[in-house]
Amino acid sequence: MGTYTLRRLLGSLPVLLGILIISFLLTRMVPGHPCDWILTDKGTQEMCDRVIEAKGLDRPIPIQFGIYVKDVIRGEFGNSIQTNRPAIQILAERMPATVELSLAAFLLAVLVGIPAGILSAIKRNSPFDLTTMIGANLGVATPVFWLALILMYIFAVLFRGTAFWLPPSGRLSPGVSSIPFYEVYGVIAAEGSARFLVLEFLSNLYIFNSIITLDFDVLGDTLKHLILPAVTLSIIPMAIIARITRSSLLDEMGLLYILGARAKGLKRRAAITKHGFPNALLPIITIMGLQIGSLLSGGVLTETIYAFPGLGRMLYESIITHDYPVVQMIILVIAVVYIIANLVVDLLYAALDPRIRLE
Amino acid sequence: MWRLVFRRLIQNRSSRTGIILLGSLFLIAIFAKQIAPYDPAKMLIWDEGVNRRVPPCLHLLGCPESEPQHIMGTDSRTRDYFSRVIYGTRSSLMIGIISVGSAVVIGTILGAVAGYSGGWWTAGIMRLMDVLLAFPVLLLALVVMALLGPGLENIIIAIAIVQVPHFVRITRANVLALKETEYVKASRALGGGYFHVLLNRILPNTLTPLIIKGTLGIATAIMDAAALSFLGFGPNQDALEWGTMIGYERNSMFHAPHLVIFPGLAIVITVLAFNLVGEGLRDALDPRLS
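Residue numbers (this note's numbering), protein chains in the order written: chain Z, 1 to 359; chain R, 1 to 290.
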């Protein structure tokens with residue numbers, strides 16, 4: 001397992017390099033001189049020269065790339081053009097929202113998708129199976145942005161004034177604010193330091209922050225705001241997971257060892273869930289890994305529509321406002337997260353199936 | 001062979017549904033002009049006194065005869081929404097087919113070269129594809145849009161770029177496997193040149209997975225393109241495109257939800273149709289894959 005892990009880690013290095021090259025090229029391919037969009041129209045020639053000096057814009061491209069990589073490793077992504085704040089600080093504020101949303105959607109997709117798939121397989125061709133599969137077919141065909149608007153209409157407009165009402169936008173209701181745990185417990189860090197960024201990141205995970213500061217009003221409010229975006233984002237992965245669970249389990253059910261398990265006296269349901277399901281897990285895990293991409297893609301749409309202040313919405317806003325340093329950073333971060341997620345899935349896969357390690 | 005495939009397709013309930021849906025969509029796209037009761041771009045407020053965002057009115061369902069019939073109501077600019085949705089079929093099908101079509105052609109060429117030639121070419125192409133695949137789909141498309149700027153052609157280009165790596169991988173895997181088969185070696189032994197063997201002996205046998213992946217790819221292409229135009233990267237806000245229409249009317253959601261519901265349903269039906277046909281083709285063409 002050790003050598004396999006190492007090999008997979010090394011194998012993702014070229015891809016990482018490629019991603020760095022693409023995000024580097026992004027700002028070089030944008031029309032206009034970098035000075036124009038770094039300094040906007042307020043910049044003087046003198047300021048521009050300083051930018052050229054600092055970024056090495058007059059040096060050969062490979063050296064410029066070297067400077068870029070060095071900056072990235074030190075976490076220096078430049079300042080946002082819109083807000084003139086360090087991009088990395090924006091990351092520490094926005095990324096936790098996306099982490100919470102993606103995790104919630106992923107959990108929802110798995111916790112509903114897998115049982116639905118198992119039940120469908122066990123009760124093959126029953127009304128339940130038929131409904132689930134029609135639902136799954138419709139689920140993968142439903143545009144995320146459309147579903148978001150429809151759910152918003154149902155829960156925020158039609159159910160207004162009832163107990164089912166859900167907030168249509170934001171992470172917290174107006175007037176409610178989450179007090180960072182580092183303020184509550186008096187943890188001090190210099191603004192802009194790495195320690196500060198980590199604290200900022202953790203405290204912006206509102207669910208985590210409100211639990212450790214025992215602020216259950218904020219917790220409730222956060223969860224309430226999370227429901228609609230998470231449900232929206234989970235529908236496509238849920239449908240795909242349910243389908244693959246069903247078909248993978250049906251494949252296993254036709255095999256002789258299930259018959260063997262039945263022959264030794266196990267009930268049908270027990271034979272399928274105890275013996276069939278573990279063997280059917282491999283394709284399910286593969287698909288679950290692939291869904292991480294769908295979550296990150298869908299996040300852009302879901303966050304934009306529900307005014308959910310995460311990375312996806314930030315990316316969209318930065319593209320619209322030509323805030324290239326932020327665009328560059330978010331793309332890099334999301335691609336790296338995606339690579340790591342795929343790596344974890346591969347390792348999990350190898351841990352579950354020894355045949356893969358030996359290849 | 002194709003007759004057998006077609007028979008298998010229509011025997012299966014879900015792919016039969018898909019074929020009927022898809023056939024109807026193509027007919028709607030072709031005869032949009034005949035089906036649409038109004039000119040989709042015409043603002044009806046001037047000569048008919050129609051209001052903005054009128055809810056759907058069907059005489060059959062008890063809408064008073066005195067009011068003009070608008071099956072899907074009217075939009076924020078008093079245009080007949082049914083006609084607009086009907087015309088929207090054209091651009092969705094066009095975007096899906098052109099973008100995936102070009103992705104298939106480019107992907108097949110790159111994949112065939114990578115699989116058949118070997119050397120630094122292969123390594124280069126495959127690493128580039130790995131990098132492209134390392135981005136979530138919509139994100140990569142957004143990056144391309146950020147560079148190219150908004151517009152219909154650019155959406156098609158962005159979607160094609162996003163889809164190419166899949167076709168490269170499929171073609172390369174197949175070419176690699178076929179390269180070592182007896183019949184290919186025989187063809188080479190008989191004096192078949194590089195292109196002869198590749199084009200006439202190998203590529204025809206890689207078509208099946210490409211057709212399957214292509215059909216399913218059109219479904220994702222239509223959905224991603226709609227998402228991009230919804231986000232405002234589309235041609236312009238008056239374009240007859242479902243994603244653009246939803247984006248333009250998204251603020252009408254709260255008092256005139258029909259303006260969002262109908263184009264969305266059209267997307268669902270179209271994507272569903274391509275998915276059902278694609279999965280049907282997979283079962284019919286290659287029973288091992290199902």
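Built from N, CA and C at the ideal position, the CB exists for glycine as well.
Neighbour flag for residue i against chain Z, beta carbons, 8 Å
i      : result
M253/R : yes
V162/R : no
A225/R : no
A114/R : no
P257/R : yes
F230/R : yes
I97/R  : no
L130/R : The sequence shown places Asp at residue 130/R, not Leu. It does: the Cβ of D130/R has a partner Cβ on chain Z nearer than 8 Å.
P204/R : no
L272/R : yes
T267/R : The residue you asked about is not Thr; residue 267/R is Ile in the sequence shown. Yes - at least one Cβ of chain Z is within 8 Å of the one on I267/R.
I246/R : yes
CB contact check: residue i to chain R, cutoff 8 Å
i      : result
T321/Z : no
F164/Z : no
G2/Z   : no
L398/Z : It is not possible to answer for residue 398/Z, since the shown part of chain Z is limited to 1 through 359.
T142/Z : yes
S297/Z : yes
N137/Z : yes
V327/Z : yes
Residue i - containing alpha helix (DSSP H), residue span
i      : result
C48/Z  : 45-55
G232/R : No alpha helix (DSSP H) contains G232/R, which DSSP labels as neither H nor E.
M288/Z : 277-305
F201/Z : 194-203
V176/Z : Careful: V176/Z lies outside any alpha helix (DSSP H) and carries neither H nor E.
E317/Z : 311-320
S15/R  : 13-30
L223/Z : 216-253
P204/R : Per DSSP, P204/R belongs to no alpha helix (DSSP H) and is neither H nor E.
P62/Z  : 61-73
E182/R : 182-189
Rounded straight-line distance, which links the Cα of residue j to that of residue i
i      : j      : result
Y324/Z : I272/Z : 53 Å
S248/Z : I212/Z : 41 Å
I157/R : A136/Z : 30 Å
F145/Z : I90/Z  : 25 Å
L272/R : A141/Z : 5 Å
I114/Z : A104/Z : 16 Å
S178/Z : G170/Z : 13 Å
L203/R : G139/Z : 35 Å
R79/R  : Y185/Z : 60 Å
I88/Z  : S297/Z : 21 Å
E182/R : G289/Z : 38 Å
S290/R : V15/Z  : Residue confidence is low: S290/R scores 43 on pLDDT, short of 50, so the model does not pin down where it sits. No coordinate-derived value is stated.
A177/R : A112/R : 12 Å
N51/R  : A41/R  : 15 Å
T270/R : L93/R  : 8 Å
R188/R : H196/R : 9 Å
G362/Z : F164/Z : Lying before the first or after the last residue shown, residue 362/Z is absent from chain Z, which here runs from 1 to 359.
H322/Z : S76/R  : 30 Å
S234/Z : T302/Z : 10 Å
R250/R : I227/Z : 21 Å
Beta-carbon gap between residue i and residue j smaller than 8 Å
i      : j      : result
T108/R : L210/R : yes
P235/R : G88/R  : no
G243/R : L265/R : no
G280/R : S66/R  : no
L332/Z : S12/Z  : no
A121/Z : M253/Z : yes
K213/R : I170/R : yes
I330/Z : M314/Z : yes
I207/Z : L219/Z : yes
P257/R : Y153/Z : yes
A221/R : V54/R  : no
P229/Z : L101/Z : yes
H225/Z : P167/Z : yes
Residues that residue i bridges to, as DSSP identifies them
i     : result
P86/Z : N79/Z
C57/R : H70/R
D75/R : Answer is none; D75/R lacks a bridge partner.
S80/R : Position check: residue 80/R holds Asp in this sequence, whereas Ser was assumed. According to DSSP, D80/R bridges with T74/R.
Any non-hydrogen atom of the ligand ADP within 7 Å of residue i CB
i      : result
A273/R : Only the bare structure without any ligand can be found here, which leaves the ligand ADP out of the picture.
CB contact below 8 Å: residue i versus chain A
i      : result
G293/Z : Protein chains in the displayed structure are Z and R, and chain A is not among them.
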